[in-house]
Every structure is written in C-alpha cells, then in structure tokens.
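Read the structure below first, then the notes.
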Amino acid sequence: MNTFFSTILVGISSGAIYSLMSLALVLVWRSTRVVNFAAAGQAILSTYIGYEAMSALHNYWLSLPVALISGALISAVIESFIMRPLAKRTQGTAVESIAPVIATLGILGLIRSLVGLMWGNTFLQYTSPLSSKGFTVGHTTIPFSPLNAAIVVGAAIVLLIFALIFRFTRLGLSLRAASFQPEIARLSGIRVDRIRTVGWAFAGAAGAVAGALVTPTSYLSPNSLDLLLVSGFVAAVIGGLESLIGAVVGGLVLGLGFAFILQYIGSSVTFSAAFIILILVLIVRPQGIFGARSTREA
Amino acid sequence: MKLKQILAPLRSASPRMRILLSVAIGALLLFASGHVDELRSYQGAQVAIYAIAISSIVLLTGFSGQISLGHGALMAIGGYAAVLAQIHWHLPYPLTFLVGGAAGAGAGYLLGIAAARLRGPYLAGTTLALAVGLPSLANQFHILGGEQGLSFDIGTAPTWIGNDFSQYRWFFWVAVVLALAVYWLLRNLLSTRYGRRWRALRSNPTAAALAGINVARAKVLAFTLSSCVAGLAGSLFAMLLGLVAPLAFTLTLSFTLVTGAVLAGVSNLGGSIVGAVVLVSIPELSNAISSHFGGSEKVTSNLPGVITSVLLIATVLLAPNGPKFPTRRHQ
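Quick note, the sequences are listed as chains A and P, same order. According to this note's numbering, the first sequence holds residues 1 to 298 in order. According to this note's numbering, the second sequence holds residues 1001 to 1331 in order.
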C-alpha cells in the first residue's frame, strides 16, 4: 500500500462527510429554492444533543440515531415556523430571493449563540470508541484509521437508505414530484407544503449525521462546523445543486481533492483551495457535473 | 408620518444643499465630541465606521440586488492593505485609507466578475466561502503577521486642531468626516444614471437588459464600488482597533454587517446610520441585561449574538423591506 492509495481512502472518508452536508443543502434547495446556510447551525445543535445523549448513555453508537432524529425535528420546525411564513410573505416582492438567505443566516447566528449560551464556547470532546490512529499495513502506518472506516460505512448506510426511500417509496416519489413540478404535484393530490417540511427534515437528518460523524475527528464548539458548511456548499455546486447523485459525487470529488492537496501541498492551503475550486467550477462549468444548463437561474 | 414630513426636504435636497447639510451635521457632531467621554467617542467612531460598511452593503443589495456575506473579508483586505502601505511604503495615513479602498475595489472587481454570472444563492455561497477562508490566509504569509496581526498607528491629532485632543476623539473626527464624505458621494452617485441602472437591475433584470443596460457590467461596477467602500471601512476599523488581525474580521463581522443593512431597510442609504447605531448599542444593551442577571461568561459572550440574530430574523419576517421605511414604489 503506498501513499497514493491511502490518500484516496482518506479522501473518500472526508468526502463521505461532505456528501452528507452537500445532500442536506441540495435537499432543501430542491424542495424550497433556498440555500440553507443554517444547515451548519442545525447540525451543530443536533451534534450537541448527540453529545448529551452520549454522556447520558455512555455509548457513541446510540447517540447517532438521537442526533439524526433531533436534526430532522429541528429542521422541520425551522421550515414550518420561519421559512414557510417568510416565503408566503415575500412572494412576488423584490426581496423574494434575498430574504430567505438572510433568514437562514439569522437562524445560523441564533443557534450558534444559543448553543454557546447553553454549553459555553469551550472545545468539547465528542469521541467515538474507535481509534483515530491509522491502520498498520505491513510495517507502515497509513493515515486511514478505523474511525475513517466507520465514517465511510456510516455515511454509506445513510446515503443508501435515502436512495431507497427516494427511489422506491411513495414518499420519495412525492418528494421528487413536489420539487420538480409543485403545481402539478398539488393537482395530483400531494400536499406540497407538508412534503416540503418532510424534505427539510431529511436534509436536517443528513446534516446531523455529517456533524455527528465528523466531530470525533476533531472537537465540538459552537462554530466547529463552519468549514463543513462551506465544503458542503462547494460540493453541492460541483454536483449541480439540483441533483442528489451530484451532491454525493461532488462531495467525494471535493474530499479526494482536499486529501491530495493535504498530502502533496500541505494543510495550510485547504481553506483557500475550497474557494479556488468553487470559483473554478463556477467559471468553467457553472451548471455543475449533473446540473442542467438552465438551473443557474435561481 | 411626521418623520417622513421632516425628512422630505432632505430627500429632495439639491446636491449643493446636501453638501451644506453634510458639513453642518459634521460640524455639529465634531463640536459635540468635545463634551463626551472616551468611551462615547470610541462608540461614535464605531458608529461612523459601521455606517460606512453598512452603506456598502446597502449599495450592493438594496440597489443592485446582489447579496454578499463576505464583506467582512473585503474589510479585512482593505485593513491589511492600509497597514501594509504604512509599514512598507511609509505612506501618510490619509493615503493609507485610499490604499485600503483601492485594495477593496481591486478584490471586489475580481469577485464581481465571478459574481455577475451568479444569482442570489451562488453569490451568497461564494462570498461566504471567502469570509470563512480569507482570515486564515493571514496565518500562512509571514508578511501578514500571523495570528497576532500587524499594528496600525495613525498618530495623534495634529496640533493645529487643538491641544488636549484625546486619541479616540481624533479617531471619531476622522471616521465622521469620511463617513459623511462617503454618504455624500454615494447619495449623489445613486441619483446619476448609474444609480438608475442599478435600480432598474434590481427591480427586473430582464427588463433592464431589454432597455439596453449592460447587466453584467452594471453588476460588476456595483460590486467594485461596494467593495471599495468596504475596504475603506476596513482600514478605518484597523485604525480604531490599532491593528489588523484575522480574529478582527470573522464571519460574525460579515453577518453583523448584513444585519445592520437589513435593520437599515435594505434600500435606504440614510438608514445605514440607524443600523450602525443599533449594532453598536446591542453589546451595551446585552451587558446591561446580563449583569442584571448576574451573568456568567457564557451569557456575556453569547447574548449579543442572540439579540442580533433575533432582531435579524424578526425584521426579515415582519418587515422584509426594512423597518419603518416602507419601500417607495418605483414607477
């Protein structure tokens, strides 16, 4: 096993997390045409709830479903009590496209400060039982650890469940119909408003899993997921912002890109790399890998 | 509607009247600054600087319909440029402010080229990435001074202006004079054909394009100009803090500016001052509240964020077009 292959493995592991965050953004975008910048805030809140669950149950694995469910609930509440009334109020006005962006920012700020108020601004350890020390292959230790492997498996399970729901259930069909043609979906008896809330709930769950999986690799603080939000957004743009498969592929592409930059250039450029990759994608292929040409018109 | 009646002659004032008014207001403020303590002078300077920064967002969002979550980063660019110009070129401080504005404009031009192709969410996301990523650059380049940043000193007030002139009172003077100048320039600019183009663009891009407006060029121009103002605000911010450091230009700063612009009523240039006053008074208010409840460190450091965010959400929900000033219909 050489450096090249272990870099690929590490890239897939971080890419899996970006995929989940990107999926959280894409699901919301498809259902309500809003880029949900509050996704990082929702994920941080659900991760703190997961942290509390772990402290109470003394089990990391049991805290994952707790985080997932609370993430879904938080997201559904935000959609029903803030985003939906806002959309109704601003429909057809000059601020129609700007107001939701600002509202999600406000929610992000609110959740961050509330979390700080509850748990303080200190760094907490939300640890998993798995070692973050790399596997040893032959005589060398590679950067890919059991924790990374668990991240890949966990993300893959969630993505698989999502794919099955979207592809094979009635609910999934309604979700796709409501985002594809809301008017026609409404005419054919789908309660579009309610389905949108469900879409937000799925997004919240995806973000929650991303938060709960990534946090054991570093630490937990009110703004520890900011970079994840940016990475998720870049991944979503790479994938085209419309497509669920695109979100996952975009996340993996970004994860691999970061891993190679980290391995061969150095950790100092990751932040700037995200920005440069984003600008390059927007200039070279603004519709993303899977997006249709017309989707840029938001 | 009393306020509206009082403000009506101000709105329709001729450019020459506006100069006179600006000078009169400025003289009044500067006179008043002799009679307040250092803390109030500091806060007054803060208000003036925030007002400049908010007006850059009002120009961008309220008039050309673009949104930026990264103006904190553009302020950082302006601040660093001003400091570097002082350290390496030994420029006198008035010129360093110009360098700050120019650096902001340059960065804004590059960003604007990308931005002009993007609508709402893409632009918001791209500028957000800038706001998150840019401060960390300071740690990579030795010339930017790392986490500690670089110090910036514009010196004390010149002697001809008065003898016992305190430091913050001097900062207040500089900031107020520049804020009024910026306000006057923008106000006039917005009533030229550029201002009309931006308004047309914001109301309906398609109709604007059909009317012969080069949409992309108008957007890039708006972004460049807005970034120039933000860069200037950044260099003044560096003056007030006495330094530039990555921690001074966080994501929170960018969000705060957007909040200020929303509170100002996004398309109301004069509202910038309202937004700025609110932003500066929030920490005061929250200190009062938290000390009333015998606040711990957790409360004091997070309460301002809670108040700001709640204000932002409430304003967007209850008055999407901004409080107090209903949008005038564009005929």
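For each residue, glycine too, the CB sits at the ideal point set by N, CA and C.
- Rounded to the nearest whole angstrom, the C-alpha separation of residue 62 (chain A) and residue 160 (chain A) is 20 Å.
- Here residue 224 (chain A) carries a coil assignment [DSSP, helix/strand/coil].
- Close CB contacts of residue 132 (chain A) within its chain, under the 7 Å cut and outside five residues either way in sequence, are with 145, 147, 217 (chain order).
- Considering only A:192, A:150, A:134, the residue with the shortest C-alpha distance to residue 213 (chain A) is A:150.
- Taking a 10 Å sphere around the C-beta of residue 1089 (chain P), we find fewer than 16 other C-beta atoms and assign the residue as exposed.
- Nearest CB-CB separation between residue 85 (chain A) and chain P: below the 8 Å threshold.
- Between residue 274 (chain A) and residue 70 (chain A), the C-beta spacing is not below 8 Å.
- Annotation: the continuous alpha helix (DSSP H) that includes residue 1298 (chain P) extends over 1297–1318.
- Residue contact check for residue 254 (chain A) against chain P: no CB pair falls below 8 Å.
- Listed in chain order, the non-local C-beta contacts of residue 177 (chain A) below 7 Å within the same chain comprise 185, 190, local neighbours out to five positions each way being set aside.
- In this structure, the straight-line span from the alpha carbon of residue 1054 (chain P) to that of residue 1304 (chain P) is close to 18 Å.
- Here DSSP, grouped into helix, strand and coil, assigns residue 1151 (chain P) to strand.
- The beta carbon of residue 116 (chain A) falls within 8 Å of a beta carbon belonging to chain P, placing the residue at that interface.
- The C-beta of residue 1072 (chain P) has 16 or more other C-beta atoms within 10 Å across all chains shown, which makes the residue buried.
- Here residue 1127 (chain P) carries a helix assignment [DSSP, helix/strand/coil].
- The distance from the Cβ of residue 1026 (chain P) to that of residue 1220 (chain P) is about 32 Å, inconsistent with a contact at the 8 Å cut-off.
- Residue 1308 (chain P) is a Cβ neighbour of residue 1282 (chain P), given a cutoff of 8 Å.
- Within chain P, the residues 1132, 1251 have their CB atoms less than 8 Å from the CB of residue 226 (chain A), given in chain order.
- The straight-line gap separating the alpha-carbon atoms of residue 1262 (chain P) and residue 1256 (chain P) is approximately 10 Å.
- Going by C-alpha positions, residue 15 (chain A) is about 18 Å away from residue 272 (chain A).
- If you look at residue 133 (chain A), you'll find it isn't in any alpha helix (DSSP H); DSSP assigns it neither H nor E.
- Taking a beta-carbon distance threshold of 8 Å, residue 112 (chain A) counts as an interface residue toward chain P.
- With respect to the 8 Å criterion, residue 289 (chain A) and residue 239 (chain A) are classified as neighbours on the basis of their beta carbons.
- Contacts with chain A at 8 Å (Cβ-Cβ) include residue 1255 (chain P).
- Taken in chain order, the complete alpha helix (DSSP H) segments of 4 or more residues contained in the segment 1246–1276 of chain P are 1251–1264.
- Put simply, the segment 1198–1212 of chain P does not touch the segment 1101–1117 of chain P. Fewer than three CB pairs are less than 8 Å apart.
- Straight-line spacing of the CA atoms in residue 1180 (chain P) and residue 1201 (chain P) works out to 27 Å.
- Counting the other CB atoms within 10 Å of its CB gives residue 284 (chain A) a total below 16, which places it among the exposed residues.
- Proximity of chain A to residue 1067 (chain P) at the Cβ level (cut-off 7 Å) is accounted for by 98, 101, in chain order.
- Not a single C-beta of chain A is nearer than 8 Å to the C-beta of residue 1281 (chain P).
- Taking 7 Å as the Cβ-Cβ cut-off, the segment 252–281 of chain A approaches chain P at 268, 271, 272, 274, 275, 278, 279, given in chain order.
- Of all alpha-carbon atoms in A:287, A:210, A:45, the one lying nearest the alpha-carbon of residue 18 (chain A) is that of A:210.
- Where residue 1075 (chain P) is concerned, the enclosing alpha helix (DSSP H) starts and stops at 1071–1089.
- The Cβ neighbour count for residue 226 (chain A), taken over all protein chains shown within 10 Å, is at least 16; the residue is labelled buried.
- Here residue 143 (chain A) has 6, 10, 134 as same chain residues with Cβ atoms under 7 Å from its own Cβ, once five neighbours each way along the sequence are excluded.
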